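Protein chains in written order, with the numbering used here: chain A, 127 to 225; chain B, -18 to 657.
Here is the structure:
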């Protein structure tokens, strides 16, 4: 699997954390926050130029510096995890197929 | 009996705190820190006969490392104060991350009760949590809650009391850090028991060993204080050895394995793990944090907030003013009827009407302001505002969240300084507080509008006031950068912030938030304002023969003494005295001129001043008024919020020096350009 920085993942792509290049205290803080090696992160929103929103631990949204994100190394997951849409959207889709 | 309330941010900790304690709460700061501390007594109906229980709200943290001051405070409290119970509020829909903190409390040997909050959210997401199993695996009681609806609070109080009395036994848990690390930990523990028995007794040898391997700066410095011989290379060799074996930093391995332990617990107690999905919050965020829409939306929300606070506040403020007026006249006639000596009547009037009255007049605005802030915080918008404004604010040495505090400054710097509480990093908060008085508040605007109208043609007056705003913006940016470079203790931390899901706040929660903060303002700023009003009154009316604020009064004499300092700026003793009064409240500058020039109404005061001063002098005076000493209500909250007289003194000093330099430059540039 290719190792790339978290910053270079696209929206809705996932990766497995490999390592964090940062000063020890910050590195540990991020690890404890849920960027621990082996856990899956997904890019939720990459719209802003200075910050990106990441999903960690399958639930929480964390906004981090893009600068910081380029120091977090991930193993890109092949398919990524297809985001399951909210209930409302699913219903709508069903409506379409019925028609 | 002490209960400590802990938990990650955004887990409904304050809701649980309010539910357990009711309205009787004490809010202050943790010693030596600008971190808010809340405590209250457990509600009467939960209390059992003998020992009343006190609930202390620990700062919201993700971990118990010493990365932030909050984490250190929470950890130290558990170690030193030894609360009878630590209640850890956990977001049930987000077990994995929340249990990380719980695991650390267990490691620390706390008497833990887990409050599994937001069970409804977890349920909606289809997660089934086996509460009994979870409690078994963690070796501590677990109480499910829906704190927003008040569900489970009674049980939580009951279980916590039982646990505090030792009627529910904790089972100590020991996380297995893997064979390689365990060997190191065992060796290190032996050393600890031999060399630093006192610390080992207090923290437990294993916990100390884990922290030393994690390279915890606070623990290592404590160990070094205790025994110099084992500190330094001796300690480092352990983590180096471990690092060589592991092939990665030890602290990372420890954190990963702690998560591994948690995952083990989750596998056997959670039926369905959270699924990856785009939730409604993300869709709202697409709009709210959109690079194009984000800032206009933010400005719109700020505008709405202003309207709420200052338009809605205005009639209330007038009402309070009328009330104070009525009270004053009753007081006058009462004093008259009991034949009180004039000095006493005057003192009482000044202290009660001007002193306390001044605080009360701000009250409606402050209540509304704190309501607005509570809405922004409780809905989750505050985090988005910081997100949107981050880029611009970072450029001037501030933080995304600083902007909210600065905007509020246009109304009044007092609540604006208090709004800096939403900043969690100490440096960010201090810098935001220190630059805040540079935002011209409504009171200073009043002075500018008055002087601009007296000295400049109507079409130029607007530009004059606008130019003052520009000066203010430039100075905020310059000072923000300067403070970041000079007084910030830490390297600028990268922006890492959780975006909590949007949430409909409860009315009760909003009002509690609003009320708690207002109470602090009234108590702290109130007493201070009261005292200073009395001192100012004394200085202006004594020695006995002196006219109020005249050249023979102490304040007038002070004006004469300080006058030479202001001569280079072209102010005479009257200008100086007016500025001293401005310390009381900025809008007082104008009425002080009225007293000093012996003119009662504003219109004739304008023309009198226009004869005495040139427009350039007036402009220089405005520039000085814009920047110099924040009014003492602001100073009082700066002291309260930074928890230090040093920073309050620094705010006085730097702003006055800056004002002098700016006014001097404006005077000379203006003269050179021929405006003299």
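Ideal Cβ placement from N, Cα and C applies to all residues, glycine included.
Predicted, not measured: the structure shown is a model, and the values here were computed from it.
Closest option to residue 16/B, judged by alpha-carbon separation, among 641/B, 655/B, 623/B, 58/B: 623/B.
Just so you know, the alpha carbons of residue 529/B and residue 602/B end up roughly 23 Å apart.
Interface criterion met: the Cβ of residue 190/A is under 8 Å from a Cβ in chain B.
Just so you know, the alpha carbons of residue 475/B and residue 544/B end up roughly 47 Å apart. The stretch 159 to 167 of chain B and the stretch 136 to 149 of chain B do not touch, with fewer than 3 CB-CB distances between them shorter than 8 Å.
In terms of Cβ geometry, residue -6/B and residue -12/B form a close pair [threshold 8 Å]. For the stretch 471 to 489 of chain B, the residues whose beta carbon sits under 9 Å from a beta carbon of chain A are, in order, 472, 474, 475, 476, 477, 478, 479, 480, 481, 482.
Cβ atoms of residue 136/B and residue 124/B come within 8 Å of each other, at about 5 Å. Any Cβ of chain B closer than 8 Å to the Cβ of residue 136/A would place that residue at the interface, and such an atom is absent. The DSSP-derived three-state label of residue 162/A is coil. Among the residues of chain B, those whose CB is under 8 Å from the CB of residue 156/A are 477, following chain order. In this model, residue 527/B and residue 533/B are separated by some 5 Å (Cα to Cα). Between the beta-carbon of residue 394/B and that of residue 428/B there is about 14 Å, and that puts the pair past the 8 Å contact cut. Listed along chain B, no residue sits closer than 7 Å to residue 198/A by beta-carbon distance, the nearest being about 11 Å off.
Among the residues facing chain B, residue 150/A is included, as its CB has a counterpart in that chain under 8 Å away.
A direct Cα-to-Cα measurement between residue 519/B and residue 291/B gives close to 33 Å.
With a cut-off of 8 Å on Cβ pairs, the stretch 274 to 294 of chain B is not in contact with the stretch 305 to 318 of chain B, counting fewer than three such pairs. Counting along the chain, no beta strand (DSSP E) covers residue 85/B; the unbroken alpha helix (DSSP H) around it starts and ends at 76 to 88. Bounds of any alpha helix (DSSP H) do not take in residue 156/B, whose DSSP letter is neither H nor E.
With a minimum length of 4 residues, the unbroken runs of alpha helix (DSSP H) contained wholly in the stretch 102 to 136 of chain B fall at 112 to 119.
DSSP, reduced to helix, strand and coil, places residue 39/B outside both helices and strands of the structure shown, so it counts as coil. Under the three-state reduction of DSSP output, residue 98/B falls in the strand class. Residue 132/A is outside the set of residues whose beta carbon lies under 8 Å from a beta carbon in chain B.
Per DSSP, the unbroken alpha helix (DSSP H) holding residue 249/B starts and ends at 231 to 250.
When CB distances to chain A are screened at a threshold of 8 Å, the residues of the stretch 68 to 82 of chain B falling below it are 74, 75, 77, 78, 81, in chain order. Not flagged as an interface residue toward chain A: residue 383/B, since no C-beta distance is shorter than 8 Å. Distances from the CA of residue -4/B to each of 494/B, 567/B, 504/B were compared; the closest alpha carbon is that of 494/B. When rounded, the separation of the alpha-carbon atoms in residue 570/B and residue 605/B is 12 Å. Taking 9 Å as the upper bound on Cβ-Cβ separation, chain B lies near residues 166, 168, 170, 171, 173, 174, 175, 176, 177, 179, 181, 182, 183, 184, 185, 186, 187, 188, 189 of the stretch 166 to 189 of chain A.
Judged by their CB atoms, residue 644/B and residue 550/B are nearer to each other than the 8 Å cut-off. It is roughly 7 Å from the alpha-carbon of residue 134/A to the alpha-carbon of residue 196/A. The criterion of a C-beta distance shorter than 8 Å is satisfied by residue 227/B and residue 161/B.
For residue 153/A, the residues of chain B that pass the 9 Å Cβ criterion are 230, 232, 233, in the order they occur in the chain.
Nearest C-alpha to residue 178/A among 480/B, 614/B, 408/B, 285/B: 480/B. The C-beta distance from residue 559/B to residue 573/B rounds to 4 Å, short enough to fall under 8 Å. Bridge pairing for residue 176/B: absent [DSSP].
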